[in-house]
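From first to last, the protein sequence lines stand for chains A and B.
Position 46 (the first sequence) corresponds to 41 in this note's numbering; numbering is contiguous.
Position 28 (the second sequence) corresponds to 23 in this note's numbering; numbering is contiguous.
There are 2 protein chains.
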Amino acid sequence: MMRLMKKAIGEAESGRGPREDRGVISARIISAARDEFIEQGVSGATFRAIARRADVDPALVHYYFASKERLLDAATTPPPDFLDNTQTAISAPLAIRGQRIIEHVVSSWAAPSTGPILYATFLCANVDERTREKLRASMSANFIGATSQRLPQRDRLLRAGLVSSQIVGLCWHRYIWKLDPLATMSDRDVISAVAPTLQKYLNGRM
Amino acid sequence: MMRLMKKAIGEAESGRGPREDRGVISARIISAARDEFIEQGVSGATFRAIARRADVDPALVHYYFASKERLLDAATTPPPDFLDNTQTAISAPLAIRGQRIIEHVVSSWAAPSTGPILYATFLCANVDERTREKLRASMSANFIGATSQRLPQRDRLLRAGLVSSQIVGLCWHRYIWKLDPLATMSDRDVISAVAPTLQKYLNGRM
């Protein structure tokens, strides 16, 4: 373990080591941090416990992530393809945009590469103001962009909030609290149950 | 403080003391426990910290509430008038039931006697299975009862879940994450934005 740390630090300092190593170790720390934040909360998570989970020395966690804030930020940042897919969904033709958005939400929560990140972000936003602000900025930018451009700005803001509220409530039932029937229905059934509501919020009569 | 504890224990044991005293002390402990559960999480909350918040001796907390489970249960149990008002809302004429339900939700979260209890219940349900089960049982019983009786049972179950999802998502935005515009809109505007969605889930075409 110490050897691994020294090797990694040595490589990082000299800048000569293979990038893969750094990436692998850093990803392992981020994933351990995410689990720790989910289980112990932001205030309860410690560098030591995260290091134990990642099976690295605590000094290495400090070396890669100088502060808990940086670690939390890394643990709640979705991968680039999630952002790309979000863009694709909110740019779909307006008439099918509600459907595309909920399809994207459902497939992202189900994917091992994004589900745990969304889960950690939602839970940490309950107790950490920065995470909440990050979430707010991302949801409001995306969902306002998804609403009909013909509507007045104030109206679009409200509709974006309603889209977000229906999605967040669904995610809480299906993925966090895991309450039936929403937790055990097929993706397809969930999508067809929720898409019309989102579509109404995006451009329907209210 | 010790005198207060001894007095309360003496009265509780002898059964002679004025009920007000017991009620007042117990309510203070419950309220302190609720704040502690919200801030420190279920696993992070301790009898000692709760006692400190309530300004009583830890032994008194143990005396009134033998276990953390009992304390958590007390901290997440709404008062009888909340249950009465829920019954009234879900028994309103079907055509205006969506409106009545969201009015009840919004006024309950705004009320000092119920808002903090709902807040604690939602947060503790994230990490505590019993709280989650309590919430599930209450929401599903109430919201299934609110859906149109003419629909098949399976359909009513789904619709109740959707009602619940829209309400929970709204509450998360307005009262927990406090994200605009849903957090700062008037109760009236929130009610008129969300009521039609609930009404559709209760008895509309889907």
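Note that CB positions come from ideal geometry on N, CA and C, so glycine has one too.
Nothing here was measured: the structure is a model prediction, and the numbers come from that model.
Margin query: Would you call the segment 115 to 128 of chain B in contact with the segment 58 to 72 of chain B, where contact means no fewer than 3 C-beta pairs closer than 8 Å?
Written below: yes
Notebook entry, point to check: To which residues of the same chain is Gly202/A closer than 6 Å at the C-beta, ignoring the five residues directly before and after it?
Noted result: What the structure shows of chain A is the stretch from -4 to 201, and residue 202/A is not part of that stretch, so it cannot be assessed.
Notebook entry, point to check: Does DSSP put Phe32/A in a helix, a strand or coil?
Noted result: helix
Margin query: So with CB distances below 7 Å, who are the chain A contacts of Thr192/B?
Written below: Thr192
Notebook entry, point to check: Name the chain B residues whose beta carbon is nearer than 9 Å to that of Trp104/A?
Noted result: Neighbours of Trp104/A on chain B: none; closest Cβ ~14 Å, over 9 Å.
Next item on the list: Step through the CB atoms of chain B and report whether any lies within less than 8 Å of the CB of Val163/A.
Entry: yes
Check: Does Leu118/B have its Cβ less than 8 Å from a Cβ in chain A?
Finding: yes
Notebook entry, point to check: Using a C-beta cutoff of 8 Å, does Lys1/A count as contacting chain B?
Noted result: Residue confidence for Lys1/A is low, a pLDDT of 45 falling below 50, so the modelled location carries little weight and cannot support an answer.
Next item on the list: Using three-state DSSP, classify Pro191/B as helix, strand or coil.
Entry: helix
Check: If you draw a straight line from the alpha carbon of Pro73/B to that of Leu89/A, how long is it in whole angstroms?
Finding: 43 Å
Next item on the list: With a floor of 4 residues, list each alpha helix (DSSP H) that falls wholly inside the segment 116 to 190 of chain B, ordered by position along the chain.
Entry: 124 to 141 and 148 to 166
Next item on the list: Please confirm if Ala188/B has its CB atom under 8 Å from at least one CB of chain A.
Entry: yes
Notebook entry, point to check: By Cβ distance, which residues of its chain are closer than 7 Å to Cys119/A, with the 5 residues on each side in sequence left out?
Noted result: Phe32, Val37, Leu67, Thr71 and Thr126
Margin query: Which of the three DSSP states is assigned to Arg95/B in this structure?
Written below: helix
Notebook entry, point to check: Which residues in the same chain as Asp182/B place their Cβ atom closer than 6 Å to its Cβ, once the five residues preceding and following it in sequence are excluded?
Noted result: Val101
Check: Within 10 angstroms of its Cβ, does Gln192/A collect 16 or more other Cβ (buried), or is it exposed?
Finding: In the sequence as displayed, the identity of residue 192/A is Thr instead of Gln. Burial call: buried.
Margin query: If you reduce the DSSP assignment to three classes, tell me which class Pro53/A lands in.
Written below: helix
Margin query: Tell me the rounded alpha-carbon separation between Arg154/A and Gln148/A.
Written below: 10 Å
Note to self: Please return the same chain residues whose Cβ sits closer than 7 Å to the Cβ of His57/A, not counting the five positions on each side in sequence.
What the structure shows: Phe42
Next item on the list: Specify the secondary structure class of Gly18/B as computed by DSSP and reduced to three states.
Entry: helix
Item checked: Proximal residues to Thr109/A (C-beta, below 6 Å), its chain only, five neighbours per side dropped -> Pro73, Phe77 and Ser103
Item checked: Contacts around Pro111/A, its chain only, beta-carbon distance under 7 Å, and the 5 residues preceding and following it disregarded -> Arg29
Notebook entry, point to check: Checking contacts by CB at 8 Å: is Arg282/A closer than that to chain B?
Noted result: The question about residue 282/A has no answer, for chain A in this structure spans -4 to 201.
Note to self: Quick check on the burial criterion: 16 or more other C-beta atoms within 10 angstroms. Buried or exposed for Glu98/B?
What the structure shows: buried
Next item on the list: State the start and end residues of the unbroken alpha helix (DSSP H) segment that holds Phe60/B.
Entry: Counting along the chain, Phe60/B falls outside any alpha helix (DSSP H), and DSSP gives it neither H nor E.
Notebook entry, point to check: Taking the alpha carbon of Ser133/A as the point to measure from, which residue in Ala40/A, Ser159/A and Gly164/A has its own alpha carbon closest?
Noted result: Ser159/A
Notebook entry, point to check: What are the start and end residues of the alpha helix (DSSP H) that includes Ala84/B?
Noted result: Pro75 to Ile85
Notebook entry, point to check: What does Pro176/A touch in chain B if you count any residue whose Cβ is under 7 Å from its own?
Noted result: Leu152, Leu153 and Gly156
Check: If you draw a straight line from the C-alpha of Ala188/B to the C-alpha of Asp52/B, how long is it?
Finding: 48 Å
Next item on the list: Give me the Cβ distance between Arg95/A and Ala106/A, rounded to the nearest whole Å; I'm assuming they're in contact under 8 Å.
Entry: Wrong, their Cβ atoms sit about 16 Å apart, outside the cutoff.
Item checked: Secondary structure of Ser108/A, DSSP reduced to three states -> coil
Check: For Arg48/A, does the three-state DSSP call read helix, strand or coil?
Finding: helix
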